[in-house]
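Counting in full-length UniProt numbering, the sequence shown runs from 6 upward without gaps.
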Amino acid sequence: KLKLGVLISGRGSNLQALIDACAAPDFPAEIALVLSNKADAFGLERAAKAGIPTAVVSHRDFPGDKAAFETAMDAQLRQAGVQLVCLAGFMRLLSPLFVSLWHDALINIHPSLLPSFKGLDTHERALQAGVRFHGCTVHYVRVEMDVGPIVAQAAVPVLPDDDAHSLADRVLESEHALYPHAVRLIAEGRAHVDGERVRIDGAATVPPSVLN
Ligand code: GAR
């Protein structure tokens with residue numbers, strides 16, 4: 006099975022979706038380490054409850070030295086035998102150092118249909134823009150924020166009475182289906198980075214409401 010390292014900063018609901026997916030015997034990946042930059046991240050409790058090793062590398066222990074922070078994270082991940090790093094609500098920007106150490110072995114989930122709405126407050130901005138569809142994206146990480154070859158996307162409708170909360174809830178539910186789906190594609194060796202795109206082999210088994 007492909008060994009995952011999941012990086013979190015908080016709630017960890019996407020981590021939970023990955024934990025639940027990995028509990029199925031036929032899932033082709035397992036979580037070797039959950040790594041948080043915050044000691045009080047709720048996701049750490051989710052991991053502990055599932056019997057998954059955890060580590061905390063706090064950016065505050067490395068003031069002004071991002072390279073040292075990232076080197077410490079990298080050491081934890083290598084020690085755990087991690088093969089694919091999954092960002093799941095990890096809220097620190099990674100520098101070119103870390104991105105190059107994990108080139109094509111580092112993915113992120115972002116709460117919009119990229120390349121629309123990079124950055125924060127995606128749901129507010131989607132409502133403001135009046136888009137009729139919104140969603141989420143799993144992509145390989147490149148140095149530029151929220152840019153990189155797209156593995157999979159899921160679209161949800163924007164409904165007339167939505168506010169940022171109701172829209173965020175609908176997107177989050179789609180994230181929980183999409184992330185395990187994307188990890189499965191990679192773990193099965195069916196996702197191939199080809200320049201700035203990802204080619205997917207075979208007909209993907211797509212969870213309901215997840216568009217590949
Ligand atoms: C998710 O919506 C994720 O897409 C988003 O943060 C949330 C984390 O929730 N990520 C980003 O905005 C990355 N820039 P979770 O901790 O419950 O998985």
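Idealized CB from N, CA, C, for every residue including glycine.
Other residues of its chain near residue i: CB distance less than 6 Å, five sequence neighbours each side excluded
i      : result
Gly153 : His144, Tyr145, Val146, Arg147
Val61  : Ser41, Ala44
Ser117 : Thr127
Asp25  : none
Cys91  : Leu9, Val11, Ile112
Ala187 : Val143, Val156, Ala157
Ala192 : Leu7, Pro33, Ala34
Phe67  : Ala73, Phe74
Cβ pair residue i, residue j closer than 7 Å
i      : j      : result
Ala55  : Gly15  : no
Ala77  : Leu38  : no
Ser179 : Val161 : yes
Ile13  : Gly135 : no
Ala73  : Leu89  : no
Glu35  : Lys6   : yes
Gly17  : Val87  : no
Glu75  : Phe103 : yes
Asp79  : Leu98  : no
Gly48  : Leu82  : no
Arg137 : Val163 : yes
Any non-hydrogen atom of the ligand GAR within 6 Å of residue i CB
i      : result
Ala93  : yes
Ile112 : no
Gly15  : yes
Ser18  : yes
Pro116 : yes
Cβ shell of residue i (< 7 Å), same chain only, five flanking positions each side left out
i      : result
Ile205 : Leu190, Arg195, Ala196, Asn217
Asp119 : Inspection of the sequence shows that residue 119 is occupied by Leu rather than by Asp. Only Thr142, His144, Asp151, Ile155 meet the Cβ criterion.
Gly207 : Arg195
Pro185 : Ala22, Leu23, Ala26
Arg130 : Phe122
His108 : none
Val198 : Asp109, Tyr145, Pro154
Asp167 : Leu132
Any C-beta of chain D under 7 Å from that of residue i
i     : result
Pro58 : Given the protein chain composition of this structure (a single chain), no chain D is represented.
Cutoff 8 Å; reference residue i; Cβ partners in own chain excluding five residues on either side
i           : result
Ala173      : Pro116, His128
residue 230 : The chain is shown from 6 up to 217; residue 230 falls before or after that span and cannot be answered.
Next on the checklist: In chain order, what are the residue ranges of uninterrupted beta strand (DSSP E) at least 3 long that sit wholly in the stretch 38–98?
Outcome noted: 59–61, 89–92
Item to check | 4-residue-minimum alpha helix (DSSP H) runs that sit fully inside the stretch 150–178, ordered along the chain | outcome: none
Item to check | Complete beta strand (DSSP E) runs within the stretch 96–134 (minimum length 3 residues, chain order) | outcome: 111–115
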